[in-house]
Amino acid sequence: MTLLGRHAFRALRRTRASRPGCGWTIKGEANANLNKKWADSQWAQKLANKEKRAQMTDYDRFKLTSARVKRNRARTAVFKSLKMKAARAGTLGKRNIPKTPAKKPRVKKAVSSKPAKK
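Going letter by letter, the sequence shown gives residues 7 to 124 in the working numbering.
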């Protein structure tokens, strides 16, 4: 406001009010359900979350952090499994990744009948 000065602000206010259809009316606000639209907007939700965060205690912040860690671990596990399925199906990248073959069960070697060396 200091850059514009008092007189420039007054002129600006007069020109805005003199244009037709520019001002808000109480009847128009009621018809447009502005309070409901404002509550549903992301801006209002962001302000509400900001207010909640300001009221949080250290323990609340700790619980939030641990919940985020759990969520991200679960999300990462699901993402990796979906990524591997896509890679095996050939929809991810240029080459197919074959399924890992099943491991052969370990079998103990039969004891040989050869005599031990001296």
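Virtual Cβ for every residue (Gly too), placed ideally from N, Cα, C. Since the structure is predicted, the reported quantities are computational estimates derived from the model, not experimental observations.
Can you tell me whether DSSP reads residue i as helix, strand or coil?
i    : result
N41  : helix
L88  : helix
L98  : coil
S72  : helix
R112 : coil
K120 : coil
Q51  : helix
T82  : helix
Taking C-alpha atoms, which residue in the options lies nearest to residue i?
i    : options                 : result
T106 : K115, V117, R94 and G99 : R94
Which same chain residues end up closer than 6 Å to residue i when comparing Cβ atoms and leaving out the 5 residues on each side of it in sequence?
i   : result
A50 : W44
Leaving aside the five residues before and after residue i along the sequence, list all residues of the same chain whose C-beta is less than 8 Å from its C-beta, in chain order.
i   : result
L70 : M62
T82 : none
Relative to the ligand MN, is the shortest distance from any of its heavy atoms to the C-beta of residue i smaller than 7 Å?
i   : result
S47 : Although the ligand MN was asked about, the structure shown includes no ligands whatsoever.
Excluding five sequence neighbours on each side, which residues of the same chain lie with their C-beta closer than 7 Å to the C-beta of residue i?
i   : result
N78 : none
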